[in-house]
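Participant:
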Amino acid sequence: MVDQALDLDATFQALAHPVRRAILSRLTEERDATVTALAEPFEMSLAGISKHLRVLQSAGLVQVEPHGRERHVRLDPGPLAAAEDWIEQHRRFWTERLDARDDLLRG
């Protein structure tokens, strides 16, 4: 249970930055991209992009593999599914509670 909570913490921390979310969005479209290609739309150095990729990689959201002189990055959707499950569980709980409150208020 503690490991699962730590995994969720890492996922949400990784998703907290707009550059990292943009990188993930790009990887959903391209499936595989080089670090250089991922850096193109951002006004930051390769070192800056690499820092964001390390956060994503430590959260398990991407896999980075060297291919010769380039590093290829791929999305790993597993942690996103776990976050989605957590959000859905809480959404369901609060929807039921608020619906019950509304029913009570309507009398």
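Here the sequence shown stands for residues 9 to 115, numbered as in the numbering used here. By construction, the Cβ of each residue, glycine as well, lies at the ideal position given by its N, Cα and C atoms.
Taking its Cβ as the centre, do 16 or more other Cβ atoms sit within 10 Å of Ala-22, making it buried, or is it exposed?
Facilitator: Residue numbering aside, residue 22 sits at position 14 when the sequence shown is read from its first letter. Label assigned to Ala-22: buried.
Participant: Go to Glu-73, then tell me how far its beta strand (DSSP E) extends in each direction, as first and last residue.
Facilitator: Along the sequence shown, read from residue 1 onward, the residue named residue 73 stands at position 65. 70 to 75 is the extent of the beta strand (DSSP E) around Glu-73.
Participant: Is the separation between the beta-carbon of Leu-69 and that of Leu-88 shorter than 9 Å?
Facilitator: To locate residue 69, count along the sequence shown from 1; it is residue 61. To locate residue 88, count along the sequence shown from 1; it is residue 80. Yes.
Participant: Go ahead and label Arg-106 buried or exposed: buried means 16 or more other beta carbons lie within 10 angstroms of its beta carbon, across all protein chains shown.
Facilitator: Numbered from its first residue, the sequence shown carries residue 106 at position 98. Looking at the sequence itself, residue 106 is Leu, so the reference to Arg does not match. Exposed, by the Cβ-count rule.
Participant: Short check: CB of Val-72 to CB of Arg-28, under 9 Å?
Facilitator: Counting from one through the sequence shown, the residue named residue 72 turns up at place 64. Counting from one through the sequence shown, the residue named residue 28 turns up at place 20. No, the Cβ-Cβ distance between Val-72 and Arg-28 is not below 9 Å.
Participant: By the three-class DSSP mapping on this structure, what secondary structure does Ala-41 have?
Facilitator: On the sequence shown, position 33 is the one that residue 41 refers to. Per DSSP, reduced to three states, the secondary structure at Ala-41 is strand.
Participant: What separation, rounded to the nearest whole angstrom, lies between the Cα atoms of Thr-42 and Gly-86?
Facilitator: Translated into positions along the sequence shown, residue 42 becomes position 34. Translated into positions along the sequence shown, residue 86 becomes position 78. Just so you know, the alpha carbons of Thr-42 and Gly-86 end up roughly 21 Å apart.
Participant: Give the C-beta separation of Glu-18 and Ser-66 to the nearest angstrom, bearing in mind that I take them to be a contact with Cβ-Cβ under 8 Å.
Facilitator: Taking the sequence shown and counting its residues from 1, the one referred to as residue 18 is at position 10. Taking the sequence shown and counting its residues from 1, the one referred to as residue 66 is at position 58. In the sequence as displayed, the identity of residue 18 is Ala instead of Glu. Contact holds; Cβ gap of about 6 Å.
Participant: Between which two residues does the beta strand (DSSP E) carrying His-25 extend?
Facilitator: Taking the first residue of the sequence shown as position 1, residue 25 is located at position 17. Segment: none, His-25 is in no beta strand (DSSP E) and carries neither H nor E.
Participant: In or out: Ile-31 buried (at least 16 other Cβ within 10 Å) or exposed?
Facilitator: Within the sequence shown, residue 31 is the residue found at index 23, counting from 1. So Ile-31 ends up on the buried side.
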